Amino acid sequence: KKKEKKNAAFKKTKLKVGKILKKTNTTDSTIESRKVVLITQLEEQSGSSTAVYSYRGLSLENLCSQLGHYSKNVRKNAIVGAKQILTSAPNLIEAHLRTIIPAFARLISLTDTDAATHSQLKSLLELVCTVPPMSMSPHFPLFVAHILRGLTHSHDSVRSFALTVIHLLLDTYPSLCRDSTDIFQTIVHFLAANRKTNHSTRVLLDFVASFLRIYDEDAAVASHCVEVRLRAEEGVLSHAIDLCPPSLNLDPFHFPVLTTSSAGASSSLFTSPETLLNLVQALSPLVARVALENDRNLGEHIVRVLALMRRGVDRQPNKFMLADFEERYVKACDPIVKATKVHSLKENKKVFAAISELLSSPV
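Under my numbering, the first residue of the sequence shown carries the number 1, and numbering increases by one thereafter.
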């Protein structure tokens, strides 16, 4: 038995008729596997006729996930694909705002984005801002948080692009921007700090004018004054009062404020004298610097900004709350006062007249 085990390795196998032996010098490459078939997912992918895909065959959800990729080329292709989908199917914007706003807004503060990608992203955000204010309202705080983060960024390119986006919001959603205290405080701080941007002076003045315009009293305040006579002895009103008149365009989250003072009914931040003084103090160095440039092409822009500033001062109903309001107002306008002493500025009659009107007594 020991001898048989020893010679077993050299034992020749007996061949059977019709049996083919495998060659010892070849490799068997056949693979056996089992399939996992997901029927429901395939039906959702191919059976739905309303699905919209980009030129690369990706859905909007896939593109939103790619917008968070570390590679800027992948993000750029995702922006182009998302723009293609939303342009061809605008109805998807309002339905997917919960996904779109976080995915798009976080790209504002990225530092590795080039000018071409910023241009594509701006076009994409312009598509998003076509939804009505009532639909944008729940997502507006998150959108604004990303924009203000970019506006206070250390990179010039990020600040410039964030300024472009916030300007878009000021023109598209003035009522939502007016109700945001964060927007007012951040923009005032941005103007006071005199941070450098890549924009021209004209674009910056247009931005300031749009910012002041949303707080203009006529647009900011929607007050309805009704005079009613009450007969105390009889307990009868002269006529009925409808506090909430029905309206098809009424925002269900916008509640009326009842007050006995016309000044207290205003929602504009101009009604706070302290806030108005801070705004004038932040804008005065910018206006003085631009006025001293003596650029004739910027004359109308400066006059518009000065007129809006003066309009806010004239319509300030609570100046009596600060005993030193006039003194602090003159001090806030000190850079503009110094600019008026330059001889070259006096030659520009329109700008000089607007500055003289601004520096007149506010009381």
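Every residue, glycine too, gets a C-beta built ideally from N, C-alpha and C. These numbers were taken from a predicted model, which means no experiment stands behind them.
is_contact[residue 288, chain D] using C-beta, thresh 8 angstroms | Looking at the structure shown, chain D is missing, and only one protein chain is on hand.
Where does residue 230 fall in DSSP's three states?
-> Looking up residue 230 in the sequence shown gives position 230. Looking at residue 230 - three-state DSSP - the assignment turns out to be strand.
Which listed residue (36, 345 and 198) has its alpha carbon closest to that of residue 292 = For the purposes of this step, residue 292 is taken as residue 292 along the sequence shown, with counting starting at 1. If we check each option's Cα against that of residue 292, 345 comes out closest.
Could you name each continuous alpha helix (DSSP H) segment of 4 residues or more that falls completely within the segment 272-339, going from the start of the chain to the end?
-> 273-293, 299-314 and 325-332
Candidates 31, 90 and 182: closest to residue 132 by CA position = Sequence index remark: in the sequence shown, residue 132 carries index 132 (1-based). It is 90.
Which one of 139, 163 and 199 has the shortest CA to CA distance from residue 150?
-> Start at 1 with the first residue of the sequence shown, and residue 150 comes out as number 150. The option with the nearest alpha carbon to residue 150 is 163.
Exposed or buried, which one is residue 275 when buried takes at least 16 other CB atoms within 10 Å?
-> Here residue 275 is taken as the residue at index 275 of the sequence shown, counted from 1. Buried, by the Cβ-count rule.
Sequence-distant residues of the same chain with beta carbon closer than 8 angstroms to residue 333, five excluded per side | To locate residue 333, count along the sequence shown from 1; it is residue 333. Cβ within range, chain order: 280, 284, 358 and 359.
Mind checking whether residue 197 and residue 171 have CB atoms under 8 angstroms apart?
-> Numbered from its first residue, the sequence shown carries residue 197 at position 197. Numbered from its first residue, the sequence shown carries residue 171 at position 171. Going by C-beta atoms, residue 197 is not nearer than 8 angstroms to residue 171.
What residue from 329, 169, 55 and 79 has the CA that sits closest to residue 140's CA?
-> To locate residue 140, count along the sequence shown from 1; it is residue 140. Here the closest residue by C-alpha is 169.
Check each candidate in 100, 294 and 355 and name the one with the smallest Cα separation from residue 135.
-> For this step, residue 135 is matched to residue 135 along the sequence shown. Among 100, 294 and 355, the Cα nearest to that of residue 135 belongs to 100.
What whole-angstrom Cβ distance do residue 278 and residue 188 have, given they're in contact under 8 angstroms?
-> Start at 1 with the first residue of the sequence shown, and residue 278 comes out as number 278. Start at 1 with the first residue of the sequence shown, and residue 188 comes out as number 188. Going by Cβ atoms, the distance from residue 278 to residue 188 rounds to 6 angstroms, so yes, they are a contact pair.
To the nearest whole angstrom, what separates the beta carbons of residue 336 and residue 287, a pair I think is in contact under 8 angstroms?
-> Here the question's residue 336 lines up with position 336 in the sequence shown. Here the question's residue 287 lines up with position 287 in the sequence shown. Yes, residue 336 and residue 287 are in contact; Cβ-Cβ is about 6 angstroms, under 8 angstroms.
Name the DSSP beta bridge partners of residue 236, please?
-> Here the question's residue 236 lines up with position 236 in the sequence shown. DSSP, once it has assigned bridges, lists 231 as partnering residue 236.
Kindly list the residues whose CB is nearer than 6 angstroms to the CB of residue 72, restricted to its own chain and excluding five residues on each side of it in sequence; keep chain order.
-> Indexing the sequence shown from 1 puts residue 72 at position 72. Excluding positions up to five away in sequence, the list reads 112.
Would you grab the beta carbon distance between residue 351 and residue 303 for me? Rounded to a whole angstrom, and I think it's under 8 angstroms.
-> Within the sequence shown, numbered from 1, the residue matching residue 351 stands at position 351. Within the sequence shown, numbered from 1, the residue matching residue 303 stands at position 303. Rounded, the Cβ-Cβ distance is 6 angstroms, consistent with contact.
Alpha carbon of residue 85 to alpha carbon of residue 28, nearest angstrom = Along the sequence shown, one-based indexing puts residue 85 at 85. Along the sequence shown, one-based indexing puts residue 28 at 28. Looking at the two C-alpha atoms, the distance is approximately 48 angstroms.
Got a sec, what are the start and stop residues for the alpha helix (DSSP H) residue 137 sits in?
-> As a working note, residue 137 is residue 137 in the sequence shown. No alpha helix (DSSP H) holds residue 137; DSSP gives it neither H nor E.
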